[in-house]
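This report concerns only the one structure given below.
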Amino acid sequence: MEELEQLLFRLCTAPGTPGDESSAANAAAKELAGVAKIRMDHMGNLLAEFGDPNAAEHVLLDAHLDQIGLIVTDIDEHGFLKIARCGGTDARVLPGSAVTVYGKTTLCGVVCSTPPHLQEGGQDKVQPVDKMAVDVGLSHDQAKELIQPGDRILFHTSPKRLLGTRVSAAGLDNRASVAALCRCAQLLSKEKLHCRVTIQLSTQEETGSAGAKTGTFSVEPTQAIAVDVSFALQPGVPDENVGRLGGGPMIGFSPVLNRKMTDKLVALAKENQMPWTREIMGSRTGTNSDDIATTGRGIPTALVSVPLRYMHTPAEVIDLNDIENTAQLIAAYLREVG
């Protein structure tokens with residue numbers, strides 16, 4: 002698991018907020034360069050192709066590359082940065098958090114936090130993100146020299162190994178899935194496939210799935226598997242219809258997902274004696290699979306998710322075994338296509 006851990010940590014340390022994923026794309030390209038043909042499209046999606054280029058079946062494997070963050074909207078007269086969400090950043094975990102500001106140079110900052118003694122409405126009240134600010138320790142004029150509206154901000158953290166095979170990092174949503182697809186390509190790199198495969202590491206999922214929509218239309222696959230993260234059992238989360246860390250990939254069941262593909266993934270998980278979990282959704286999935294399935298004239302699509310705790314925080318947690326089993330499951334599926 003050490004190699005997989007290091008792969009994941011390299012991916013997680015590359016910044017990539019929605020619309021600004023180039024560093025993350027470059028990091029992923031380095032991991033895939035030896036096992037696939039790499040290119041970038043106009044939306045910044047990273048595309049990696051392998052398998053039989055002349056095969057009738059063309060399978061798209063999608064994982065979004067972007068991570069949640071913040072965007073600078075203004076600099077006030079005292080040098081504090083006004084901010085807004087860039088993706089689904091959780092306002093509850095922001096006050097007092099250390100952050101990195103990606104301006105003309107990389108700066109450290111802190112999200113301002115009002116002492117509970119002075120906070121109106123009690124210490125549990127959380128301000129809207131657009132009422133918060135970031136302190137980078139600079140005056141107004143100094144800040145304007147280095148930072149401008151539109152610059153991005155991420156949590157200032159580094160990936161950590163927990164006990165056993167569990168790790169914690171910001172950006173595991175969705176670098177865990179990116180790592181699973183990189184690992185899948187590695188597993189198949191010396192095998193002869195009877196299908197064409199395109200890995201699509203798509204942009205802007207956290208702000209509306211623009212990369213998946215345009216990329217899928219351009220690639221024109223005959224079928225697709227979207228890979229994302231989903232909720233794992235933790236305090237405060239109901240224990241029904243959630244994954245378990247170490248419990249294997251979560252296979253999605255939803256009206257928008259193709260039942261034949263879903264049943265095949267279940268059969269392969271059972272055949273390979275692999276742990277797995279059903280994830281039942283009564284309508285949309287909230288992932289790129291919703292948009293992939295309805296692209297063009299429609300694309301048969303399945304969804305596989307890696308269980309994750311503490312989503313959209315600076316300390317998300319996954320189990321490396323779940324990434325490995327997700328890669329193994331998708332590799333098993335590709336071996337039987339065509």
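Just so you know, we're using the working numbering here: the sequence shown kicks off at 2 and counts up by one.
Ideal Cβ placement from N, Cα and C applies to all residues, glycine included.
Just so it is clear, the structure is predicted and the values come from calculations on it, not from any experiment.
Residue i and residue j closer than 8 Å at C-beta
i, j, result
"L258", "A213", "no"
"Q201", "L12", "no"
"A233", "R310", "yes"
"D323", "G249", "yes"
"A303", "G253", "yes"
"D75", "P150", "yes"
"G80", "D67", "no"
"D21", "R153", "yes"
"S231", "N289", "no"
"E6", "L321", "yes"
Three-state secondary structure assigned by DSSP to residue i
i, result
"Y334", "helix"
"C12", "Contrary to the premise, residue 12 reads as Leu rather than Cys in this sequence. Note: L12 maps to helix in three-state DSSP."
"G89", "coil"
"G20", "coil"
"R245", "coil"
"V220", "helix"
"T158", "coil"
"T199", "strand"
"A285", "First, the residue type needs correcting, since residue 285 is Arg and not Ala in the sequence shown. If DSSP states are grouped into helix, strand and coil, R285 belongs with coil."
"E50", "strand"
"P308", "strand"
"I319", "strand"
"T166", "coil"
Closest residue to residue i among the options (Cα-Cα distance)
i, options, result
"E58", "P16, G88, T199, V112", "T199"
"L47", "V135, L119, G216, I84", "G216"
"A64", "E6, M275, D229, F254", "D229"
"M44", "S23, G35, K31", "S23"
Classification of residue i by the beta-carbon crowding that lies within 10 angstroms, buried from 16 upward
i, result
"Q205", "buried"
"C185", "buried"
"R279", "exposed"
"E207", "buried"
"L119", "exposed"
"G209", "exposed"
"F218", "exposed"
"L163", "exposed"
"P16", "buried"
"T106", "exposed"
"A34", "exposed"
"S255", "buried"
Whole-Å CB distance - residue i paired with residue j, under 8 Å assumed
i, j, result
"R197", "D53", "6 Å"
"I226", "V305", "6 Å"
"P301", "Q224", "5 Å"
"V127", "R93", "5 Å"
"C109", "V135", "In fact, because the Cβ distance is near 10 Å, the residues do not count as touching under 8 Å."
"A181", "T327", "4 Å"
"H195", "A56", "6 Å"
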